[in-house]
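Student: Those letters in the sequence shown? Residues -18 to 158, by our numbering.
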Amino acid sequence: MTTLRYLQGYPDHLQEQVRAALAAGHLGRWLTERYPERHDVQSDKALYAYTMALKQSHLRNAPGIDKVLYDARLDVVKNALGLHTAISRVHGGRLKAKKEIRIASVFREAPAAFLETIVVHELAHLKELGHNKAFYQLCEHMQPDYHQREFDLRVYLTWRQLAPAAVATASTDSDKA
C-alpha cells in the first residue's frame, strides 16, 4: 500500500479513493477538469500584489506584510508549502519586526485555486498563529470552500509526487492547447 504523505490525516476511505484513482490513471484528468484555470502570478512582485489584494479585501486590520516571495527550497528544506515568519531586528534602540510570507515555488505552476488556498492559509496566520478552530474559521471567511480546496490541493500534491510522468505529460499537453 502506497503511503500518501499529504493525506495522512484524512479518513482511510478517502485515501483509498485517491489510491484507486491514481492507480487507474484518472486522478490527473480529474484535477485538470476540476481546476483548469492557471494563474499569471509568476514573479515575486506579482505574488506580493496578489497577496496584498487578498489581505486588503479580508484582513484590513491585520499587521502589514513586508515581503512575499516564492521559495524554491521551502518544500524540500522546511517540508512546508507556505511559511509565515516575523524577523525581529534592532534598529537604533528599537526592535522592528519584518513579516514575510514564503510560498513554495511548486505553486507557480499550480492551478489558481491552489495558490489562493496557500495564500489564504498564510494570511490567516497574521491573526491566528496556531491551527485552531478560530484559524480555520478565518480561512473559511476568506475562502468559503477552504476545506474542500485544501483537500483537493493535497490530492494535487499527492498526484505530483506519485505520478511524475503524468505531471510532465499534463503540463506539456496544457502548453500545446
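For every residue, glycine included, the Cβ atom is placed at its ideal position computed from N, Cα and C.
1) Let's test the definition: count the other Cβ atoms within 10 Å of the Cβ of Gln142 and tell me whether it reaches 16, buried, or not, exposed.
2) In the region 22 to 79, which residue ranges form an unbroken alpha helix (DSSP H) of at least 4 residues, counting only runs that do not cross its ends?
3) Tell me which residue opens and which closes the alpha helix (DSSP H) that Asp166 is part of.
4) Between the Cα of Ala78 and the Cα atoms of Gly45, Glu103, Asp52, which residue gives the shortest distance?
5) I need the DSSP call for Ala144, collapsed to helix, strand or coil.
6) Nearest by alpha-carbon distance to Glu81: which of Val100, Asn42, Ala94, Arg10 is it?
7) In chain order, what residues of the same chain lie with their CB nearer than 6 Å to the CB of Ser86, ignoring the 5 residues before and after it?
8) Run the proximity test for Gln(-11): is its beta-carbon closer than 6 Å to any non-hydrogen atom belonging to the ligand SAH?
9) Look at Thr98 and Leu134 and say whether their C-beta atoms are less than 7 Å apart.
10) Whose C-beta lies closer than 6 Å to the C-beta of Leu76 among residues of the same chain, with five residues either side of it excluded?
11) Is DSSP giving Glu81 helix, strand or coil here?
12) Could you tell me which residues DSSP pairs with Arg19 in its beta bridges?
13) Within its chain, find whatever has a CB closer than 7 Å to the CB of Lys108; leave out the 5 residues flanking it on each side and keep chain order.
Tutor: Quick look at the numbers:
1) When all chains shown are included, Gln142 counts as exposed.
2) Counting only runs of 4 or more, we get 25 to 39.
3) Coverage of the chain is limited to positions -18 through 158, which leaves residue 166 absent and any answer about it impossible.
4) Gly45
5) If DSSP states are grouped into helix, strand and coil, Ala144 belongs with coil.
6) Of the listed residues, the one whose Cα sits closest to Glu81 is Val100.
7) Tyr51, Ala53
8) For the structure depicted, the ligand SAH is absent and the ligand set is empty, with no information on it obtainable.
9) yes
10) Ser69
11) strand
12) BP columns for Arg19 point to Pro92.
13) Within the same chain, and ignoring the five residues on either side of Lys108 in sequence, the residues whose Cβ sits closer than 7 Å to its Cβ are Leu40, Ala43, Leu119.
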